[in-house]
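Every letter in the sequence shown is one number past the one before it in our numbering, and letter 31, counting from 1, is 155. Every residue, glycine too, gets a C-beta built ideally from N, C-alpha and C. Notes for the one structure printed next.
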Amino acid sequence: MPVYIHQDDALERMGAVEQDERWEQQQRDGSFGHACLFSSFRDEWERAWRDADGPADALYRLGLTVDGNGAIYGSGGFNRYTVRGSGEILFIEAQARSDADVRRAVEQGFRLFPAGGPP
Numbered sequence: 125m126p127v128y129i130h131q132d133d134a135l136e137r138m139g140a141v142e143q144d145e146r147w148e149q150q151q152r153d154g155s156f157g158h159a160c161l162f163s164s165f166r167d168e169w170e171r172a173w174r175d176a177d178g179p180a181d182a183l184y185r186l187g188l189t190v191d192g193n194g195a196i197y198g199s200g201g202f203n204r205y206t207v208r209g210s211g212e213i214l215f216i217e218a219q220a221r222s223d224a225d226v227r228r229a230v231e232q233g234f235r236l237f238p239a240g241g242p243p
């Protein structure tokens with residue numbers, strides 16, 4: 125099942141991929157940099173859907189950006205995640221730190237981007 129930014133366990137699933145407790149704490153407390161944070165993307169998704177015209181809105185098909193940044197950065201800035209307008213979080217395969225990270229992402233339920241093209 126895909127992972128969505130509004131799920132209660134979405135950040136924990138990302139943490140299982142990253143395997144870095146310090147990174148997960150930085151995501152919670154905002155000490156990593158505003159534009160790259162899970163919480164910033166969640167806030168942007170909530171704002172966008174509150175202001176959207178519904179699923180037909182172009183936002184649904186596109187990815188979100190926060191301050192011009194289109195990805196949540198993983199531990200050390202290596203792995204990256206994009207958030208679609210639908211709220212689905214995709215693991216960016218081309219930015220993966222390792223094959224093991226790709227496997228963990230898939231095990232946690234993340235679909236890969238761009239393998240197969242945008243959803």
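Given residue i as reference, the closest of the options once Cα atoms are compared
{"i": "T206", "options": "A159, M125, A140", "result": "A159"}
{"i": "M125", "options": "P238, F237, G233", "result": "G233"}
{"i": "Q131", "options": "D175, V230, P238, I213", "result": "I213"}
{"i": "A140", "options": "L236, E231, R235", "result": "E231"}
{"i": "G211", "options": "D153, G192, R235", "result": "R235"}
{"i": "E170", "options": "T189, F237, V226", "result": "T189"}
Residue i vs residue j beta-carbon contact at 8 Å
{"i": "E136", "j": "E142", "result": "no"}
{"i": "F162", "j": "Q151", "result": "yes"}
{"i": "Q219", "j": "R208", "result": "no"}
{"i": "F202", "j": "R221", "result": "yes"}
{"i": "G187", "j": "G198", "result": "no"}
Residue i, enclosing alpha helix (DSSP H) - first and last residue
{"i": "E231", "result": "223-231"}
Endpoints, the beta strand (DSSP E) within which residue i is located
{"i": "R204", "result": "204-207"}
{"i": "E212", "result": "212-216"}
{"i": "F237", "result": "235-237"}
Same chain only: Cβ atoms within 6 Å of residue i, ignoring 5 sequence neighbours per side
{"i": "P242", "result": "Residue placement at P242 is flagged as unreliable, the pLDDT there being 47, under the threshold of 50; a coordinate-derived value is accordingly withheld."}
Other residues of its chain near residue i: CB distance less than 7 Å, five sequence neighbours each side excluded
{"i": "A134", "result": "V127, Y128, I213"}
Residue i Cβ short of 7 Å to the ligand GTP heavy atom set
{"i": "D153", "result": "You won't find the ligand GTP in this model; it holds no ligand whatsoever."}
Cβ shell of residue i (< 8 Å), same chain only, five flanking positions each side left out
{"i": "V226", "result": "F215, E217, A220, L236"}
{"i": "D223", "result": "none"}
For this session: Can you check the segment 131-201 for any alpha helix (DSSP H) of at least 4 residues that lies completely inside it and give the ranges in chain order?
Result: Here the runs fully enclosed are 134-142, 145-153, 162-175, 182-185.
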